[in-house]
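Under the working numbering, the final residue of the sequence shown carries the number 151; numbering is consecutive throughout. Reading through the structure tokens given below for one structure.
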Amino acid sequence: MSILKTTASVPVLAGEGEVVKINIAQFKAQIMDFEKNPKVWKYEGALPCVVDFYADWCGPCRLASPALEELAKKYKGKIIVYKVNTDQERELSTVFGISGIPAFLWVPQSGNPTMTSGVAKSPEAIRVQFEKMITDVLLKK
């Protein structure tokens, strides 16, 4: 016999130290509406963000997840960490030309975003790689 615990579903507020999974509609509302502004980047968010384009079956994507979770907590209230499942959101992946994963869209508060792909070989090196992008791209003064 097993006892199951259930909890009510509580929405996660972006920027509150958690990684937030989003779909295409949420992407357009919270990051960029590429249908309304197809030629000009117009960020809709209140904080800089990184968007992790991933798939559940992707080994390097699974390696990146703990570092993103750690950095979402560390930079709580300063950045937002989003995840987009490329298997479920194929249209969004196509719009951004995602051909290999993991891919990361680094979106500063103002200016154009930077796209990177792949991760370093070790968890510590991944964390360092992401931290550099956060400080150099997202939080640059």
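Idealized CB from N, CA, C, for every residue including glycine. Values in this document were obtained by computation on a predicted structure and should not be read as measured data.
Nearest to residue 39 by C-alpha distance, out of 53, 29, 30 and 26, is 53. In chain order, 65 place their CB closer than 6 angstroms to the CB of residue 97, counting only its own chain and leaving out the 5 sequence neighbours on each side. Distance from the Cα of residue 136 is smallest, within the candidate group 123, 28, 79 and 41, for 79. With respect to the 8 angstroms criterion, residue 139 and residue 129 are classified as neighbours on the basis of their beta carbons. The beta carbons of residue 62 and residue 114 sit closer together than 8 angstroms. According to DSSP, residue 91 shares a beta bridge with 29 and 60. Pairing residue 36 with residue 102, the inter-Cα distance amounts to about 11 angstroms. In this structure, residue 48 keeps its C-beta atom at 8 angstroms or more from the C-beta atom of residue 117. For the pair residue 41 and residue 55, the CB atoms are nearer than the 8 angstroms cut-off. CA-CA distance, residue 70 to residue 127, rounds to 10 angstroms. Around the CB of residue 76, fewer than 16 other CB atoms lie within 10 Å, so the residue is classed as exposed.
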